[in-house]
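Structure first, then comments.
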Amino acid sequence: MASYDYLPTTVLVLILLAVTGLLNRWKATSRLPYPPGPKPKLIMGNFHDIPTELPWVTYTEWGRQYGDVVHAQVFGNHVVILNSLKAAVDLLEKRAPIYSDRPTIPMLSLMGWDFNFGIMRYGEKWRQYRSLFHQQFRRDAIPAYHPVQLKKIHGLLRGLLSTPEDFIEHTKTLTSAIIMATVYGYDIKLKHDRFIHLAEEGVKRFSEVALPGRFAVNTFPFLRHLPSWFPGCGFHRYAQDTSLLLDEMKNVPFDFVRQNMRDGVGKPCVLSELLEQNDMQGGSKQQEQIIKDVAALTYAAAADTTSATLDVFIMAMALNPEVVRKAQHEIDTVVGLDCLPGFEHRSALPYCEAVVREVLRWRPIAPLGVPHAMTQDDIYEGCFIPKGTTVLANIWAMVHNESMYPNPDKFDPGRFLNADGQLNVDDHILGFGFVISVLCKAHFTCF
Numbered sequence: 061m062a063s064y065d066y067l068p069t070t071v072l073v074l075i076l077l078a079v080t081g082l083l084n085r086w087k088a089t090s091r092l093p094y095p096p097g098p099k100p101k102l103i104m105g106n107f108h109d110i111p112t113e114l115p116w117v118t119y120t121e122w123g124r125q126y127g128d129v130v131h132a133q134v135f136g137n138h139v140v141i142l143n144s145l146k147a148a149v150d151l152l153e154k155r156a157p158i159y160s161d162r163p164t165i166p167m168l169s170l171m172g173w174d175f176n177f178g179i180m181r182y183g184e185k186w187r188q189y190r191s192l193f194h195q196q197f198r199r200d201a202i203p204a205y206h207p208v209q210l211k212k213i214h215g216l217l218r219g220l221l222s223t224p225e226d227f228i229e230h231t232k233t234l235t236s237a238i239i240m241a242t243v244y245g246y247d248i249k250l251k252h253d254r255f256i257h258l259a260e261e262g263v264k265r266f267s268e269v270a271l272p273g274r275f276a277v278n279t280f281p282f283l284r285h286l287p288s289w290f291p292g293c294g295f296h297r298y299a300q301d302t303s304l305l306l307d308e309m310k311n312v313p314f315d316f317v318r319q320n321m322r323d324g325v326g327k328p329c330v331l332s333e334l335l336e337q338n339d340m341q342g343g344s345k346q347q348e349q350i351i352k353d354v355a356a357l358t359y360a361a362a363a364d365t366t367s368a369t370l371d372v373f374i375m376a377m378a379l380n381p382e383v384v385r386k387a388q389h390e391i392d393t394v395v396g397l398d399c400l401p402g403f404e405h406r407s408a409l410p411y412c413e414a415v416v417r418e419v420l421r422w423r424p425i426a427p428l429g430v431p432h433a434m435t436q437d438d439i440y441e442g443c444f445i446p447k448g449t450t451v452l453a454n455i456w457a458m459v460h461n462e463s464m465y466p467n468p469d470k471f472d473p474g475r476f477l478n479a480d481g482q483l484n485v486d487d488h489i490l491g492f493g494f495v496i497s498v499l500c501k502a503h504f505t506c507f
């Protein structure tokens with residue numbers, strides 16, 4: 061009988077201890093300040109302080125004024141900006157389990173972009189999508205795609221020789237051609253290609269959602285429950301149109317590959333390989349949907365950012381002819397004058413490698429990376445960061461930090477080289493774990 065009396069007492073003690081611990085934590089965090097930042101106004105918070113253009117530049121200025129970790133509020137929603145590599149590594153890498161979620165962006169869900177695992181909430185679905193992507197595009201899998209890459213790169217060079225003034229169109233064609241050939245076994249038409257039009261329009265609409273203040277529903281989620289005729293709810297029609305567009309973007313190239321497989325024609329590609337594997341394992345419809353989504357996302361995620369990186373490279377070369385001369389001299393010395401460089405030459409071209417790193421540093425294509433969201437309260441350097449906070453890694457501030465990169469606005473590949481001309485140990489620009497998706501695209505398309 062005593063044992064039965066003892067059990068409730070033990071449970072009561074455990075409950076009291078748990079409650080006491082929670083109260084102590086609440087008292088501790090309630091006394092702690094948020095990280096420093098611009099003073100919020102009543103109700104609206106820092107709504108008018110958040111810039112609509114080049115926000116990373118403003119956040120960098122905030123970093124100089126308030127510190128490496130900056131806090132802001134918008135209608136009660138907390139935002140933290142990390143302006144230093146140390147803060148980003150401390151939180152997004154060392155404390156990844158509580159910083160790996162994604163903020164909810166209602167408009168993306170309404171538009172049908174919720175198949176994008178880059179913005180997907182952390183969980184089993186995210187793991188399935190991410191696993192399938194990395195299965196095909198991990199670093200050691202990339203060499204299998206080198207022949208396709210070289211073929212399309214040679215096409216780019218012919219285009220640049222023929223019409224150099226159309227370089228933006230040529231770089232866009234290159235990245236689209238590589239990805240479509242690799243993923244779908246499809247050779248794009250040079251002009252007015254239907255597949256490319258669908259993907260470009262889908263990516264364009266995705267980018268518009270990211271603009272601060274573009275859609276009121278992202279600030280006031282309750283608007284999603286109101287009808288489209290209600291004032292301020294016209295976004296419903298835009299979302300519906302985009303959803304139809306994205307369905308076509310996913311289904312048209314997918315059906316193209318499926319039909320080729322049935323007819324026994326077409327080129328081997330990532331999608332056909334994945335579908336064959338799935339068919340051999342019973343033909344799961346759920347897995348087929350994941351395969352379709354990841355295939356579509358591969359193009360949408362990589363084409364725009366990679367072509368933009370190539371455009372930055374061309375701009376940097378036009379502005380820095382001395383860099384062109386050094387890179388050309390290295391290529392001529394290592395490769396020779398009668399052939400083009402290939403992937404096998406990369407390790408013997410340290411200056412060219414330094415140029416690539418400097419392009420990624422000088423004008424990062426994703427200057428704020430991908431937003432993170434916290435799954436629980438946290439304390440960092442004496443400041444309280446509440447659960448649900450959106451966390452942004454200001455990569456622009458990190459790669460323009462004068463203590464790491466003196467004269468950061470200058471394009472200088474030499475900052476990545478030792479005195480003997482070999483690469484130094486500064487590979488931070490290639491090692492940001494918190495922007496790993498960007499790096500996967502770079503390794504696939506550029507390297």
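Position in the sequence shown (from 1) plus 60 gives the number in this note's numbering. We treat Cβ as the ideally placed atom computed from N, Cα and C, and that holds for glycine.
**Request:** Pull up the distance between the alpha-carbon of Cys-443 and that of Trp-173, whole angstroms please.
**Result:** Residue mapping note: residue 443 aligns to position 383 of the sequence shown, counting from 1. Residue mapping note: residue 173 aligns to position 113 of the sequence shown, counting from 1. If you take the alpha carbons of Cys-443 and Trp-173, they lie about 34 Å apart.
**Item:** Cutoff 7 Å; reference Phe-275; Cβ partners in own chain excluding five residues on either side
**Value:** As a working mapping, residue 275 is identified with position 215 in the sequence shown. Contacts found: Met-167, Val-269 and Phe-295.
**Message:** Whether or not the segment 140-156 and the segment 412-420 are in contact is what I'm after, with contact meaning three or more pairs of Cβ atoms, one per stretch, closer than 8 Å; do they touch?
**Reply:** no
**Prompt:** Where Val-130 and Gln-337 are concerned, what is the direct C-alpha to C-alpha distance, given to the nearest angstrom?
**Reply:** Here residue 130 corresponds to residue number 70 of the sequence shown, with the count starting at 1. Here residue 337 corresponds to residue number 277 of the sequence shown, with the count starting at 1. The straight-line gap from Cα to Cα measures roughly 47 Å.
**Request:** Could you tell me which uninterrupted alpha helix (DSSP H) segments, each at least 4 residues in length, are contained entirely in the segment 210-263, listed from first to last along the chain?
**Result:** 227-244
**Asked** Whose C-beta lies closer than 7 Å to the C-beta of Phe-476 among residues of the same chain, with five residues either side of it excluded?
**Response** Within the sequence shown, residue 476 is the residue found at index 416, counting from 1. So the qualifying residues of the chain are Ala-414, Arg-417, Glu-418, Leu-483, Asn-484 and Asp-486.
**Message:** Under DSSP, the alpha helix (DSSP H) around Cys-412 begins and ends at which residues?
**Reply:** Taking the first residue of the sequence shown as 1, we reach residue 412 at position 352. Start and end: 410-422.
**Request:** Taking 8 Å as the cut-off, decide whether the C-beta atoms of Ile-125 and Pro-100 are in contact.
**Result:** Here residue 125 corresponds to residue number 65 of the sequence shown, with the count starting at 1. Here residue 100 corresponds to residue number 40 of the sequence shown, with the count starting at 1. The amino acid occupying residue 125 in the given sequence is Gln; Ile does not appear at that position. No; because the gap between Cβ atoms is not below 8 Å, this pair is not in contact.
**Prompt:** Expressed to the nearest angstrom, what Euclidean distance is found between the alpha-carbon atoms of Pro-410 and Thr-279?
**Reply:** If you number the sequence shown from 1, residue 410 lands on position 350. If you number the sequence shown from 1, residue 279 lands on position 219. Computed Cα separation, rounded: 47 Å.
**Prompt:** How is the beta strand (DSSP E) around Tyr-440 delimited, first residue to last?
**Reply:** In the sequence shown, residue 440 corresponds to position 380, counting from 1. Segment 438-440, the beta strand (DSSP E) holding Tyr-440.
**Prompt:** Looking at C-alpha atoms only, which residue of Ile-256, Ala-355 and Val-317 is the closest neighbour of Gln-196?
**Reply:** To locate residue 196, count along the sequence shown from 1; it is residue 136. Selected option, being the one with the closest Cα: Ala-355.
**Message:** With H, G and I counted as helix, E and B as strand and the rest as coil, what does DSSP make of Leu-170?
**Reply:** Stepping through the sequence shown from its first residue, residue 170 is reached at position 110. Leu-170 falls in the helix class under three-state DSSP.
**Asked** In the DSSP assignment, what are the bridge partners of Asn-137?
**Response** Numbered from 1 along the sequence shown, position 77 holds the residue referred to as residue 137. Answer by DSSP bridge pairing, in chain order: Val-134.
**Request:** Report the rounded CA-to-CA distance for Gly-219 versus Ala-378, giving the unit in angstroms.
**Result:** One-based indexing of the sequence shown puts residue 219 at position 159. One-based indexing of the sequence shown puts residue 378 at position 318. Near 18 Å, if we compare the C-alpha coordinates of Ala-378 and Gly-219.
**Message:** For Leu-306, which residues in the same chain have their Cβ closer than 6 Å to its Cβ, ignoring the five residues on either side in sequence?
**Reply:** Here residue 306 is taken as the residue at index 246 of the sequence shown, counted from 1. Here the set comprises Gly-172 and Gly-262.
**Message:** Starting from Thr-302, trace the beta strand (DSSP E) in both directions and tell me its first and last residue.
**Reply:** Here residue 302 refers to the residue found at position 242 when the sequence shown is read from its first residue. Element bounds for Thr-302: not the beta strand (DSSP E) but the alpha helix (DSSP H), 295-323.
**Request:** Go ahead and pull the three-state DSSP assignment for Ala-479.
**Result:** The residue you call residue 479 lines up with position 419 of the sequence shown. Three-state result, Ala-479: coil.
**Message:** Assuming the contact rule is C-beta atoms closer than 8 Å, Ala-376 and Trp-422 should be a hit. Round their C-beta distance to whole Å, please.
**Reply:** The sequence position of residue 376 within the sequence shown is 316, counting from 1. The sequence position of residue 422 within the sequence shown is 362, counting from 1. The pair is a contact, with the Cβ atoms about 6 Å apart (cut-off 8 Å).
**Request:** Please classify Cys-329: is it buried, with 16 or more other beta-carbons within 10 angstroms of its beta-carbon, or exposed?
**Result:** The residue you call residue 329 lines up with position 269 of the sequence shown. Cys-329 comes out buried.
**Request:** Put His-432 into one of helix, strand or coil per three-state DSSP.
**Result:** Position 372 of the sequence shown, counted from the first residue, corresponds to residue 432. Strand at His-432.
**Message:** Can you find the residues in the same chain that come closer than 7 Å, C-beta to C-beta, to Asp-364, ignoring five residues on each side of it along the sequence?
**Reply:** Within the sequence shown, numbered from 1, the residue matching residue 364 stands at position 304. Hits under 7 Å: Val-263.
**Message:** Let me confirm a value: Val-243 is counted as buried when at least 16 other C-beta atoms fall within 10 Å, else exposed. Which label applies?
**Reply:** Numbered from its first residue, the sequence shown carries residue 243 at position 183. With 16 or more Cβ atoms within 10 Å of its Cβ, Val-243 is classed as buried.
**Message:** Rounded to the nearest angstrom, what separates Asp-161 and Gln-319 at their Cα positions?
**Reply:** In the sequence shown, the residue the question calls residue 161 occupies position 101. In the sequence shown, the residue the question calls residue 319 occupies position 259. Their backbone Cα atoms lie some 38 Å apart in a straight line.
**Request:** Tell me Cys-443's beta-bridge partners as DSSP assigns them.
**Result:** Taking the sequence shown and counting its residues from 1, the one referred to as residue 443 is at position 383. Beta-bridge pairing links Cys-443 to Tyr-440.
**Ala-204 burial status per 10 Å Cβ neighbour count (16 or more: buried)** = Reading the sequence shown from its first residue, position 144 is the one you call residue 204. Per the 10 Å Cβ criterion, exposed.
**Prompt:** Around the Cβ of Arg-322, are there at least 16 other Cβ atoms within 10 angstroms (buried) or fewer (exposed)?
**Reply:** Reading the sequence shown from its first residue, position 262 is the one you call residue 322. Label assigned to Arg-322: exposed.
**Item:** Simplified DSSP assignment, three categories, for Thr-365
**Value:** Here residue 365 is taken as the residue at index 305 of the sequence shown, counted from 1. It is helical.
**Request:** For Thr-450, write down the residues that DSSP places opposite it in a beta bridge.
**Result:** Against the sequence shown, residue 450 aligns to sequence position 390. Looking at the DSSP assignment, Thr-450 forms a beta bridge with Val-139 and Ala-433.
**Prompt:** Under a Cβ-count criterion, where at least 16 other Cβ atoms within 10 Å of its own Cβ denotes burial, should Gly-81 be classed as buried or exposed?
**Reply:** Against the sequence shown, residue 81 aligns to sequence position 21. Confidence at Gly-81 is low in this model, with a pLDDT of 46, below 50, so its placement is unreliable and the value that follows should be read with caution. Per the 10 Å Cβ criterion, exposed.
**Continuous alpha helix (DSSP H) stretch holding Gln-341: start and end** = As a first step, residue 341 is located in the sequence shown; it is residue number 281 there, counting from the start. Unbroken run through Gln-341: none, as it is neither H nor E.
**Asked** Count the other CB atoms within 10 Å of the CB of Ser-463; is the residue buried (16 or more) or exposed (fewer)?
**Response** Translated into positions along the sequence shown, residue 463 becomes position 403. Exposed: under 16 other Cβ atoms inside 10 Å.
**Prompt:** Is Thr-302 closer than 8 Å to Arg-254 when the C-beta atoms are compared?
**Reply:** Residue 254 sits at position 194 when you count from the first residue of the sequence shown. Residue 302 sits at position 242 when you count from the first residue of the sequence shown. Result no, Cβ atoms of Arg-254 and Thr-302 do not sit closer than 8 Å.
**8 Å CB neighbourhood of Gly-123 in its chain, flanking five on each side removed** = Residue numbering aside, residue 123 sits at position 63 when the sequence shown is read from its first letter. Result list for Gly-123: Val-130, Ile-141, Asn-143, Ser-144, Asn-454 and Ala-457, in chain order.
**Request:** Assign Ala-502 to buried or exposed, taking buried as 16 or more other Cβ atoms, counted over all protein chains shown, within 10 Å of its Cβ.
**Result:** Within the sequence shown, the letter at position 442 stands for residue 502. Residue confidence is low: Ala-502 scores 43 on pLDDT, short of 50, so the model does not pin down where it sits. Its coordinate-derived value is still stated next. Buried, since its Cβ has 16 or more Cβ neighbours within 10 Å.
**Request:** Return the CA-CA distance between Gln-341 and Asn-176, expressed in angstroms with no decimal places.
**Result:** As a working mapping, residue 341 is identified with position 281 in the sequence shown. As a working mapping, residue 176 is identified with position 116 in the sequence shown. If I take the Cα positions, the gap works out to 25 Å.
**Message:** Taking 7 Å as the limit between beta carbons, can you name the residues of its chain near Val-394, skipping five residues before and five after?
**Reply:** As a working note, residue 394 is residue 334 in the sequence shown. So the qualifying residues of the chain are His-405, Ala-408 and Leu-409.
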